[in-house]
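Undergrad:
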């Protein structure tokens, strides 16, 4: 299992994948909002989204797990 982690602190503005979805490397998974900027968080590998650990509107810190891939 691989984890997709936040690269910075911010609010989860939008989740662009669903659990069970097959995704590819460099595909956007979550979009964070920080200081009025949108920061896409992308997958570093191919896989299936096993679990999304956050909800839209949540605040996350750098290093927090956003999603888990199989």
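Numbering (full-length UniProt numbering), first residue to last: 1 to 70. Cβ atoms here follow ideal geometry from the backbone N, Cα and C, with glycine treated the same way. On a predicted model such as this, the values are computed, not experimentally measured, just so you know.
(1) Which value, in whole angstroms, describes the spacing of the CA atoms of residue 10 and residue 36?
(2) Based on Cα-Cα distance, which residue from 34, 62 and 56 lies nearest to residue 17?
(3) Could you tell me the boundaries of the beta strand (DSSP E) in which residue 67 lies?
(4) Buried or exposed: where does residue 63 fall if 16 or more other Cβ atoms within 10 Å of its Cβ makes it buried?
(5) Return the bridge partner residues of residue 33 from the DSSP annotation.
TA: The structure says:
(1) Stepping through the chain shown from its first residue, residue 10 is reached at position 10. Stepping through the chain shown from its first residue, residue 36 is reached at position 36. In a straight line, the C-alpha of residue 10 is about 10 Å away from that of residue 36.
(2) Start at 1 with the first residue of the chain shown, and residue 17 comes out as number 17. Of 34, 62 and 56, the residue nearest in Cα terms is 56.
(3) Here residue 67 refers to the residue found at position 67 of the chain shown. Under the DSSP assignment, residue 67 falls in the beta strand (DSSP E) whose first and last residues are 65-69.
(4) For the purposes of this step, residue 63 is taken as residue 63 along the chain shown, with counting starting at 1. By the neighbour-count criterion, in which a residue is buried when 16 or more other Cβ atoms sit within 10 angstroms of its Cβ, residue 63 is exposed.
(5) Counting from one through the chain shown, the residue named residue 33 turns up at place 33. By DSSP's assignment, residue 33 forms a beta bridge with 11 and 38.
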